[in-house]
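Trainee: Numbering (our numbering), first residue to last: 54 to 465. Structure provided below as structure tokens; questions to follow.
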Ligand code: G3I
């Protein structure tokens with residue numbers, strides 16, 4: 054009788070799983086997945102990464118080997134065939150240089166954004182590759198949705214891999230940027246008219262595939278970028294309009310499953326001082342933590358204007374770290390009206406010092422990333438007419454007074 058009962062219980066436990074199938078676009082496998090592993094008729098279980106397989110209509114399913122681009126060939130200048138681990142950079146920064154000083158005061162890195170088109174500029178890369186200056190890099194564009202999944206289920210990683218492999222070659226940490234953002238979002242996502250279940254699946258596929266590709270290689274991911282308007286209300290993009298605030302936890306959970314060791318961030322601008330947007334972000338952190346949603350950090354972008362820094366920078370960092378997350382300035386630059394003057398460059402030096410000092414003074418502030426280090430490649434003049442000179446190195450790759458401002462801030 055006992056044997057019969059046990060067998061029955063076992064059978065009963067197995068039947069629903071054996072019989073249930075994932076619907077079209079549903080998950081059908083991946084490490085940690087306990088749901089159905091077979092797909093509804095007319096769909097094929099397609100592996101996107103070790104962490105995520107999905108039921109794709111047979112007519113749309115790409116042949117498995119080419120669904121995800123194969124690992125990149127080794128860079129001509131170095132042997133690695135895979136992207137780096139999250140372990141500390143192998144090259145040890147010594148002496149002077151922004152990263153060397155940052156490390157010496159206990160920070161995890163001082164870093165910079167970079168972009169693929171810049172990597173053929175040898176004088177530029179001579180500075181970028183210098184571990185004493187930069188212990189971390191962020192791809193400014195090549196890991197974004199439009200760059201990595203321009204069509205549904207078709208992933209391209211050539212440019213993203215190039216940056217990831219550069220970080221590995223240089224012994225630099227990598228920040229992933231980003232999984233879910235309203236901008237640089239292909240129209241197949243923003244105008245797809247998807248219902249909630251389908252958009253959920255699309256987010257899961259995208260985040261798990263992109264994050265999974267660099268599993269073990271990324272220090273931190275900007276999983277969600279710029280979710281708020283400046284008045285602290287939610288940005289009404291396709292994600293919010295379809296899923297409400299739940300898209301944030303959907304993305305974070307997919308990212309956590311894909312790379313359990315990457316620090317997961319939400320990243321935004323105009324949250325560096327005390328503003329309605331800061332309050333909204335603080336409340337979001339509290340709410341996610343209460344719900345047990347994985348979240349490790351808040352990225353404060355730090356796109357500032359010379360002479361117009363918000364107040365209370367340090368207090369804001371402390372408010373976030375008090376909630377149990379780390380913080381970082383992730384995209385720091387401080388623009389000015391052109392042409393630059395001695396006075397505006399001097400004010401810029403002070404402003405860089407003030408921002409970096411705030412990070413220096415807060416133990417939970419792990420690092421500062423500048424949004425490219427040279428005015429030669431800054432995004433600012435293309436976006437703000439008549440403004441520029443936002444970076445610590447000038448157009449000719451010469452250090453500006455701002456550089457010394459950063460040094461002073463790190464030595465504060
Ligand atoms: O790749 C095309 C190229 O083929 C074309 O010839 C050229 C013509 O304009 O455009 C190129 O694409 C540009 C792309 O950068 C790569 O250079 C886009 O037009 C341009 O809009 C895009 O700008 C990027 C911007 O995000 C877009 O929102 C900047 O490089 C990038 O630095 C900037 O980064 C953002 C962060 O991701 C989020 N926080 C704000 C930050 C600054 O805007």
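Backbone N, C-alpha and C fix where the C-beta goes; we use that ideal spot for every residue, glycine too. In this text, all values refer to a predicted model and were calculated from it rather than measured experimentally.
Check the DSSP bridge columns for residue 204 and list the partner residues they point to.
Mentor: 207
Trainee: Would residue 430 and residue 409 be called neighbours here (beta carbons separated by less than 9 Å)?
Mentor: no
Trainee: Please classify residue 284 as buried or exposed, where buried requires at least 16 neighbouring CB atoms within 10 angstroms.
Mentor: With fewer than 16 Cβ atoms within 10 Å of its Cβ, residue 284 is classed as exposed.
Trainee: Just mark residue 401 as buried or exposed, buried being the case when its beta carbon has 16 or more other beta carbons within 10 Å.
Mentor: buried
Trainee: Could you check which residue in 438, 419, 387, 324 has the C-alpha nearest to that of residue 366?
Mentor: Of the candidates 438, 419, 387, 324, 324 places its Cα closest to the Cα of residue 366.
Trainee: Measuring CA to CA, which of 177, 282, 425, 186 is closest to residue 194?
Mentor: 425
Trainee: With a 10 Å radius around its C-beta and 16 neighbouring C-beta atoms as the bar for buried, classify residue 249 as buried or exposed.
Mentor: exposed
Trainee: Do the segment 403 to 419 and the segment 328 to 344 meet, that is, are 3 or more Cβ pairs less than 8 Å apart?
Mentor: no
Trainee: Unbroken alpha helix (DSSP H) runs of length 4 or more, entirely within the segment 263 to 347: which are they?
Mentor: 291 to 296, 299 to 311, 329 to 344
Trainee: Which same chain residues, not among the five before or five after residue 347, have their C-beta less than 8 Å away from its C-beta?
Mentor: 305, 306, 308, 309, 317
Trainee: Between which residues of its own chain and residue 374 is the CB-CB distance below 8 Å, once the five residues before and five after are set aside?
Mentor: Within the same chain, residue 374 has close Cβ partners 380, 415, 416, 417, 418.
Trainee: CB-CB under 6 Å to residue 91, same chain, minus the five flanking residues each way: which ones, in chain order?
Mentor: 74
Trainee: Does the beta-carbon of residue 384, which I'm using as the reference point, lie nearer than 8 Å to any heavy atom of the ligand G3I?
Mentor: yes
Trainee: What three-state label does DSSP hand residue 153 in the structure shown?
Mentor: helix
Trainee: Residue 151 and residue 450 look like a contact to me (Cβ under 8 Å); what is the Cβ gap, rounded to whole Å?
Mentor: Not a contact, Cβ separation roughly 15 Å.
Trainee: Hey, out of 299, 311, 456, whose CA is closest to residue 82's CA?
Mentor: The residue with the shortest Cα to Cα distance from residue 82 is 311.
Trainee: Assuming contact is defined by CB atoms lying nearer than 9 Å, are residue 147 and residue 185 in contact in what I supplied?
Mentor: yes
Trainee: Can you check DSSP and say which residues form a bridge with residue 192?
Mentor: 167
Trainee: Is it buried or exposed, residue 257, if we count other Cβ atoms within 10 angstroms and call 16 or more buried?
Mentor: buried
Trainee: Buried or exposed, going by whether 16 or more other CB atoms sit within 10 Å of the CB of residue 231?
Mentor: buried
Trainee: So for residue 386, helix, strand or coil by DSSP?
Mentor: strand
Trainee: Closest by CA to residue 351, which one among 320, 371, 357, 326?
Mentor: 320
Trainee: Can you have a look at residue 176 and say buried or exposed, based on whether 16 or more other CB atoms are within 10 angstroms of its CB?
Mentor: exposed
Trainee: Residues in its own chain within less than 6 Å of residue 199 by CB, not counting five upstream and five downstream?
Mentor: 237, 239
Trainee: Leaving aside the five residues before and after residue 271 along the sequence, list all residues of the same chain whose C-beta is less than 6 Å from its C-beta, in chain order.
Mentor: 227, 229, 315
Trainee: Under 8 Å: does the beta carbon of residue 279 sit that close to some heavy atom of the ligand G3I?
Mentor: Under cutoff, so the answer is yes.
Trainee: Which word fits residue 158, buried or exposed, when buried means at least 16 other C-beta atoms lie within 10 angstroms of its C-beta?
Mentor: exposed
Trainee: Take residue 433 and list the residues in its own chain whose beta-carbon comes closer than 7 Å to its own, dropping the five residues that flank it on each side.
Mentor: 386, 388, 440, 441, 443
Trainee: Can you give me the C-alpha to C-alpha distance between residue 267 and residue 358, rounded to a whole angstrom?
Mentor: 34 Å
Trainee: Compute the minimum distance between the beta carbon of residue 436 and the heavy atoms of the ligand G3I, and state whether it is under 8 Å.
Mentor: yes
Trainee: Excluding five sequence neighbours on each side, which residues of the same chain lie with their C-beta closer than 6 Å to the C-beta of residue 456?
Mentor: 445
Trainee: Would you give the residue range spanned by the alpha helix (DSSP H) that residue 462 belongs to?
Mentor: Annotation: the continuous alpha helix (DSSP H) that includes residue 462 extends over 454 to 463.
Trainee: Going by DSSP, what residue range makes up the alpha helix (DSSP H) through residue 412?
Mentor: 395 to 414
Trainee: Using only the alpha-carbon positions, how far apart do residue 278 and residue 345 sit?
Mentor: 20 Å
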